[in-house]
Structure formats: structure tokens, C-alpha cells
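Reading through the C-alpha cells given below for one structure.
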Amino acid sequence: MRFNLKDYLKISVLYTFASAFPALLQIFVLPVIEGEGRLNAIDFSQMAIAESISTFVGTFILFSMSGAISRFYYDYLDNKKGLNDLFSSVIIGILFRGLIIIGLAVILGDYLASFFSQDSLNEFSTYGYGAIVIAINRAIIVVTTTLYRNQKLVTRFVLINIALAITRTAGQLLGIFCFDMSFIGYVNGAAIGGGFISVIVILLVFKKCGVKFSRELVAPLTKFAFPLFVFELVKWGVLFADRLFLESSPEQLGIYDNAQRFAAGIYIIFQGLYGAMQPDFFLYLKKGVENTIADLRRLSNVYLLQAQLSAILLIIPVIAYIYLFFETSLTTSGTLIAIIFSQYIITALNTLFSMPIIFYKRTDIFLYINLLVLAVSLTINYFLIPILGYYGAIIASYCANTLQLALFIYLQNRIVKIKWNYHKTVTVPMLIVSCAIIAEFIKVYTNANYVVVAIIFVAVALLIICFLYRNEIKNIIFRLKDKLIIQSNR
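Counting from 13, one number per residue, gives the positions in the sequence shown under this note's numbering.
Structural data, given as C-alpha cells:
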């Protein structure tokens, strides 16, 4: 199978739309629930803590089974019964781990919540169980859509994501406006709305695959997934632990988390792009790097081009959206969009260089990489957040992600040699990231208008990308010209 750019772009658009739709819907909901007489930065800080809890326990509930399903699917291509048993076992495992987490929450929830400085967060029972249910819902949907993605069941993938987005959002709005105008109504409403779709998915899976748990099938998955699970814990530490450090400064946390909510949309777009790329990428590796190197490079270059454009082109629209539709101090979050969005370019690079490691089942090395990265992230957060506030969190995230990238590149080359075009896969993306950091320094130390600085940065980043991909752009222009000529002759 050769790389077909046209087919890849079609499927990447579908996957990206389906993956981004829930986040897009959430973005439109935020101004509805924010403002005078509604939620403010303090409420958003409490939502951030609830989301941090949900994501943390969700890491244990999921236990990286999405990554395991994604890889082991290829071992069951010709074994339908084995795949059904495997899928059923994974879903049962998620539900079992979810029940264990709920049991632990009953015993320890109020005690752990007592460490928060905000009184509203001390009552764990009012929001904590809702956060855990959200984590269970998310784990079920992630595993199911991962399998559908590998099977290229695009319609099912799209429908589940859209249905989840609609029911979850409806639950949030009902929870806030009909039950409790606070983060409590938001969290519990999301849990109930998302749970509706999760129950339907569980019933459909058990109807098709049967209700079966096989330790024999799950054992190799668990061994494979454990280092990935550690990786997810590290990712949580890098992306969410900063909320805990900022919890005692609720307004700063609300502003920072609001910017990160928009950035989460970028990450979800990346997941859609990854969903389109990963099956073909793994198939090329299965056929041998020597035989498919040209296709691997083209696929990877297109993925990174899409990722960079997604992060860069959304900066100005998101800044404008925050400025126009937010009313409280949350408007300050618009000043952080450029530096936070640019960070996700490093995330895209980490995803690319980690894929060969995952395919060759060398996830054991993730353990050592990610423990080091987590230690760096937590240390920087601990020392810098009290001094620099949310900028301390941003610095910690940049340092952790850059260290992770350097280690991934080194170890990927130790496992399998791939002749990447490093100008396109490392040099230029990191040059753009460096421009974002320089622009942020200029903005902070000269008090320059953040919108003007963001516009200049976006313009410079796009010029760099156009120069790098000038040959591809010329080919596209020539093809368009040829089509126009053919149509005019008709």
C-alpha cells in the first residue's frame, strides 16, 4: 500500500472533525456559563481541579488500554473471536478499575479534599464522584473509538464522538442552570450526560462481543501497557499537576486553565490527525522501514505540517473569541494563547517519535524517560509557581516536553533507524517554538500589545512554514492551474 495524500487528507479531516467536535462545543458553551450572575474565574478554578481529579483517576481506570488495543489489533487481524474476547475483556477491566476507584473515594475522598484551600473543594462528595464517573465514561469511549479507528469504521467513530459531545454538553447546561449554578452542577451534569452514551456503548459491545474476561488475553496487554500507563501519569503530571500548585491562587488558576481549555482543543485536533496517520504508519513499519521509507517520510511530514498549521492558525481567532465573548477577569487568558498553543507543536513531535517505540513494543523504556520528565516538571513547578504564577507552570511544561522530545529522538534511533527529514521534523518546528518564546519575552518585558505580538508571531511562523514547504506549495499551485485550464477549455 502506497501513501495516498488525497485519501489521507480526506480521512484526516473526518477524524479531526469528529475528535475536535466535543472540544469545539465546549468552547461555545464557556461564554454561556461565564459572566455576571453566572460563573467567574474562581468557579473556573474549581472546574480545573475537578478536571484534574477526573484525568488523574482516569489514567488508572483506562490503564493505557487504548494504546494496547491500537497495537494488539494487528495481532488479531485474522482472529475475529480473539479480538471480540479481547475487547470485551478490556471493557470489563475498565469497569472493574472504576469500581475500585469509587470504593477508594468513599474511604479517602473527604480526607484528601481537606488539603485544598478553597472551601467549595473540601466537600468531595458533592463533585468527586461525578469526576470519577466522567473518567469512566472517557475510558470507555476512548477504547471504543480507538478500535473503530483501527478498523477504519469511520461512521461509528464520528457518531460516537458527536453523540457524546451533545449529551455531555446538554448535561452541563442542565446541571448549571437547573440544579446548581456552580462547578458542582457543571461536573455532575457532564457525568450524567456522558454516562448516557457510555451505557449504550457498553451494551452494544457486550451484545456483539459477549461478556467475557480472559486473563490469558489481557496479560500481554497489561505488560505492554504498563510503561504507557506510566507515560500517561507523567503526562498528567506535566499537564495537570500545575493546577494543584496554583489551587491556592484561584483567580490565576481560573485564567490559566481557561487558556489551557482552548489549548486542549488543539490537542484533540492532534488526536484526530494521529487517528488518521497511525494505522498507515504502523502498517509501513510492519512492511519494513527500508521498503517504505519514502511513504513514512511523506506521511510524517504531512502530519507535522497539519499539526503546526492547526496550532498557529487558531491563535488569532481564539484570542478574538476570548476578547469578544468573555466578561470577567477570564479575558486575561487571551494573553497566554500564543505561548500555550505553540507548546503543542512539541507535543506533536513527541507523538511522532514515540510511535516507532510503541510499534516495536519497547514501551519499557518509556518508564525511565517519563519518570525523569515528571521529576523535572514537578521540581520546576514547585519552585517557580510561587514566584512566577502561571508562567512558572508554562516554563515547567516547556522544559519537560523538550527534554522528553530529546530522549525520544535518541532512543527511537537506537531501536530503529529511520531517515527522517530532520529539517521538517525537528529544526523548523523547534524554530517556530523558539519564536513563540522570544515573542512572549518581548510582550512581557516591553508591555507590548499582546494582540500585535501574536499577529507578528503568526506571520513569521507562517513564512517559515511556507519557505520549508515551498516545493509542495508550488506543486499544489501548478495542479490547481492545470485543473483551471482544463475546466476553461471545456
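Just so it is clear, CB atoms sit at the ideal spot from N, CA and C, and this is done for glycine as well.
Integer-rounded CB distance, given that residue j should sit under 8 Å from residue i
| i | j | result |
| --- | --- | --- |
| C221 | S64 | So it is not a contact: roughly 33 Å between Cβ atoms. |
| D254 | N52 | D254 to N52, Cβ: 21 Å. No contact. |
| F282 | N173 | Not quite, the Cβ-Cβ distance comes to about 15 Å (not below 8 Å), so this is no contact. |
| I148 | V301 | Wrong, their Cβ atoms sit about 39 Å apart, outside the cutoff. |
| Y279 | T359 | 7 Å |
| I327 | A350 | 5 Å |
| I188 | I45 | 6 Å |
| L229 | D97 | 6 Å |
Nearest-angstrom Cα separation, counted from residue j out to residue i
| i | j | result |
| --- | --- | --- |
| V329 | V470 | It should be pointed out that residue 329 corresponds to Pro in this sequence rather than to Val. So the two alpha carbons sit approximately 11 Å from each other. |
| Q163 | G284 | 15 Å |
| I355 | V213 | Ile is not the amino acid found at residue 355; the sequence shown has Gln there. Rounded to the nearest angstrom, the two C-alpha atoms are 34 Å apart. |
| Y198 | L423 | 43 Å |
| A473 | W432 | 22 Å |
| A35 | F29 | 10 Å |
| I357 | L417 | 11 Å |
| I334 | I104 | 41 Å |
| T304 | R227 | 36 Å |
| I421 | V385 | 14 Å |
| C411 | Q184 | 35 Å |
| Q38 | T343 | 17 Å |
| Q320 | G140 | 36 Å |
| P291 | N459 | 47 Å |
| F225 | L74 | 16 Å |
| V102 | K93 | 14 Å |
| S76 | I370 | 12 Å |
| K299 | T156 | 26 Å |
| M367 | I467 | 33 Å |
| M442 | L419 | 15 Å |
| E259 | V314 | 39 Å |
| A323 | A276 | 11 Å |
| T340 | Q272 | 17 Å |
| P398 | G404 | 8 Å |
Coil, strand or helix - residue i by DSSP
| i | result |
| --- | --- |
| L51 | strand |
| E135 | coil |
| E46 | strand |
| E339 | coil |
| S76 | coil |
| W432 | coil |
| Q290 | helix |
| N313 | helix |
| K164 | coil |
| I28 | One point to set straight first is that residue 28 is Thr, not Ile, in the sequence displayed. The answer is helix: DSSP assigns T28 an H, G or I state. |
| R83 | helix |
| Y481 | coil |
| N393 | helix |
| A460 | coil |
| S129 | coil |
| D307 | helix |
| N91 | coil |
Nearest candidate by alpha-carbon position, reference residue i, set the options
| i | options | result |
| --- | --- | --- |
| Y402 | I358, S345, N382 and F127 | S345 |
| D376 | P232, A253 and Q290 | P232 |
| A408 | Q38, F257 and H435 | F257 |
| F479 | K373, I444 and L295 | I444 |
| R168 | T181, R180 and V154 | V154 |
| G79 | R150, F241 and F56 | F241 |
| Y372 | V428, G121 and N461 | V428 |
| A202 | E228, L171, V145 and T156 | V145 |
| Y481 | G249, R310 and L26 | R310 |
| V69 | I119, A143 and L215 | A143 |
| T158 | I204, K224 and R83 | R83 |
| L295 | I119, I196, G277 and L89 | L89 |
| L186 | L475, G205, F127 and P398 | G205 |
| T437 | R426, V463 and T363 | T363 |
| G49 | I454, S194 and F395 | S194 |
| I331 | Q58, F353, S312 and L316 | F353 |
| G47 | F338, T71 and C447 | F338 |
| I381 | V464, E452, N483 and K247 | K247 |
| L379 | A237, A62, I476 and S322 | A237 |
| F40 | I209, V217, V388 and F274 | F274 |
| I450 | V465, T439 and N461 | V465 |
| V211 | G121, I106 and K235 | I106 |
| F252 | F365, S57 and S322 | S57 |
| A62 | G121, G404 and L26 | G121 |
| N425 | R374, L95, A125 and I152 | R374 |
Residue i at chain C interface by Cβ criterion, 8 Å
| i | result |
| --- | --- |
| L364 | The structure shown has no chain C; it contains just one protein chain. |
- Query: Hey, which unbroken runs of the alpha helix (DSSP H) at 4 residues or more fall wholly within the segment 189 to 270?
  - Reply: 195 to 221, 227 to 251 and 253 to 258
- Message: Suppose only complete runs of 4+ residues qualify. What are the alpha helix (DSSP H) ranges in the segment 330 to 385, listed by chain order?
- Response: Entirely contained in the segment 330 to 385, the alpha helix (DSSP H) runs reaching 4 residues are, in chain order, 349 to 371.
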